[in-house]
Amino acid sequence: MKKVLILYGTRWGSTEEISQELADILNEKDINAEILNLETTKTSKYPALDEYDGILIGSGIKIKKWTKSARKFLKKYADELNSKSNTLGVFISCGDGGIPEKREHARKEYIESLLDKYNVDADIYEAFGGTIDLTEDSKLGKFSLKMMNMAAQDDPDLKANDKNDTRDWERIKEFGRNFCEILNK
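Using my numbering, read the sequence shown as starting at 1 and increasing by one per residue.
Written as structure tokens, this is what we have:
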């Protein structure tokens, strides 16, 4: 049975939920998927990448940046990821990824630019939507929440005082299936 390691950095849980969905898809295809939260796992506890047939790396995007832990992982393990002993997939969760007209921009700005910066060659990558919680229970902070709710008044893609989810689960599943196909070649 093939093994895949899904590593992710998340701020509010959206990327974690995408990672879990991808793991479910891989498991359905008889691929053993393990998930590792880069935010809560010490570097010394990372498993050896050569133990896996495939690696998926995901990150949430905030103010045009990957999570620090996912960015550091990509930089530190660039040579190993390029060894081609395993299939590499990369995904992000961000507002632009959920808007079809802005998705290609998100892929270039947030994925391709970082892969180029660290000279990493991914077999497959994609930008997905994310979640933006504009409710009173939001973890954005009072000032950011107020500013985002004001901006939502003029943005047809955001609902003020609501939990906005721009993820397209069918696209996420398709990405998982495509990763499986590449892995099994």
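We put the CB at the ideal spot given by N, CA and C, even for glycine.
The structure presented is a predicted model; accordingly, all values stated were derived computationally and were not measured.
Taking a cut-off of 8 Å on C-beta distances, the stretch 42-62 touches the stretch 175-185, as three or more cross pairs fall below it. A buried status is given to N164, since no fewer than 16 other beta-carbon atoms sit within 10 Å of its beta-carbon. Here T10 carries a coil assignment [DSSP, helix/strand/coil].
Restricting attention to E16, R11, W66, Q153, the CA atom closest to the CA of A106 is found in W66.
Secondary structure note for G60: its beta strand (DSSP E) is the uninterrupted segment 54-62. Taking N32 as the centre and dropping the five residues before and after it, the same chain places the C-beta of M1, K3 closer than 6 Å to its C-beta, in chain order.
Its chain contains E21 as the residues whose beta carbon lies nearer than 8 Å to that of W169, once the 5 sequence neighbours on both sides are disregarded; these appear in chain order.
Classified as buried, N86 has 16 or more neighbouring CB atoms from the shown chains inside 10 Å of its CB.
If only complete runs of 3 or more residues are kept, the stretch 22-88 shows the beta strand (DSSP E) at 32-37, 54-62, in order along the chain. S59 and R167 do not touch by the CB rule: their CB atoms are close to 14 Å apart, not below 8 Å.
Note on geometry: alpha-carbon atoms of D96 and S19 lie some 19 Å from one another.
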